[in-house]
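Visitor: Sharing a structure here in structure tokens format.
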Amino acid sequence: QPSLGERGCPERRRWLEGTPAELGCAATGNPPPRVTCAKLGDPANATELGRDGRDPARATANVTRAHAGTYQCRATNAHGSAVRNVTVAVEYGPAGVTVRVLPSANVTRGSGFTVDCGAEGVPAPTYTWALPPAPNLRWAADNRSVTVTGATTANRGLYTCTASNRHGRRAGSVVVRVDESWLVLLAALGALGAAAALALAVAGGCYLKSTACKKGEYNVRDAEGSSEAACLHRQRDPRAEVFGIQLSPP
């Protein structure tokens with residue numbers, strides 16, 4: 001009676017994408033069994049293996065990700081049959097690397113953002129980063145993302161993520177811009193405020209000047225000797241002496 005054991009027909013296989021596909025499932029029995037294998041869910045594509053347990057048809061094809069799955073192999077001779085399931089995993093290098101900035105790659109100074117990296121690959125890729133050095137960076141536990149808090153100009157630039165596994169590596173990049181337009185606006189408002197203050201000062205000076213030396217009735221003799229008044233000029237007049245004075249505020 002036929003037998004399909006682990007030695008001639010391992011139940012777990014790892015195939016590398018792009019390499020020749022060989023299922024390989026050898027059976028023992030007398031007379032030598034006939035062995036066929038088919039992917040579960042696709043019995044129409046059952047393939048008969050050779051006496052050495054190899055599949056001539058699959059050996060000429062290159063492995064694709066579609067080959068991954070479970071295959072059922074059946075060995076049959078005049079004395080009966082044996083069945084064994086074989087699980088095939090297809091490995092491949094990192095592909096489809098995506099790098100994105102959340103919520104946006106255009107960042108306002110002082111705000112926070114996260115740069116996230118993802119990629120396909122078997123085995124699962126690991127991630128490394130090349131980015132502008134800064135003290136406000138925090139990496140996720142799996143290193144798939146980096147978060148920035150309180151963004152400054154030190155955080156702007158190129159962020160590159162590299163995904164790697166034993167079959168290769170692939171990189172992706174994104175540019176982060178830190179917007180400082182609010183600083184320009186603040187400087188403009190500051191300049192406007194300074195100009196307004198200067199204008200008020202000039203206007204106040206003009207007002208004081210325009211109110212100086214107003215006509216009125218004053219006690220000239222008291223004012224002339226007072227420390228609170230300054231005699232500006234004296235004129236002779238046939239009828240009386242005329243003084244020009246400026247009084248200090250009380």
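Residue numbering for the sequence shown follows full-length UniProt numbering, starting at 1 and increasing by one per position.
Glycine residues also receive a C-beta, built at the ideal position from the N, C-alpha and C atoms.
1. Assuming A163 and V115 form a contact by the criterion Cβ under 8 Å, report the distance between their Cβ atoms to the nearest whole angstrom.
2. In the DSSP output, which residue or residues are listed as bridge partners for P20?
3. So, at 7 Å on beta carbons, what are the nonlocal neighbours of G110 in its own chain, with the 5 sequence-adjacent residues on each side left out?
4. Just to confirm my understanding: we take G41, look at its own chain, exclude 5 residues before and 5 after, and list those with CB closer than 7 Å. What are they?
5. To the nearest angstrom, how far is it from the Cα of P135 to the Cα of A89?
6. Please work out which residues of its chain come closer than 7 Å, Cβ to Cβ, to L102, disregarding the five sequence neighbours upstream and downstream, and give them in chain order.
7. Report yes if the CB atom of E17 is closer than 8 Å to the CB atom of V63, and no otherwise.
8. When we look at the beta-carbon of H79 and count the other beta-carbons within 10 Å, is it buried (16 or more) or exposed?
9. With DSSP collapsed to three states, give me the class of N77.
10. Pick helix, strand or coil for T149, following the three-state DSSP scheme.
11. Please report the distance separating the alpha-carbon of A82 from that of P2.
Guide: Reading off the structure:
1. That pair is no contact at about 14 Å.
2. N62
3. Counting only Cβ-Cβ distances below 7 Å, and skipping sequence neighbours, we find G150, A151.
4. none
5. Going by the C-alpha atoms only, they are around 42 Å apart.
6. F113, T114, D116
7. yes
8. exposed
9. Three-state DSSP puts N77 in a strand.
10. In the structure shown, T149 adopts coil according to DSSP, grouped into three states.
11. 6 Å
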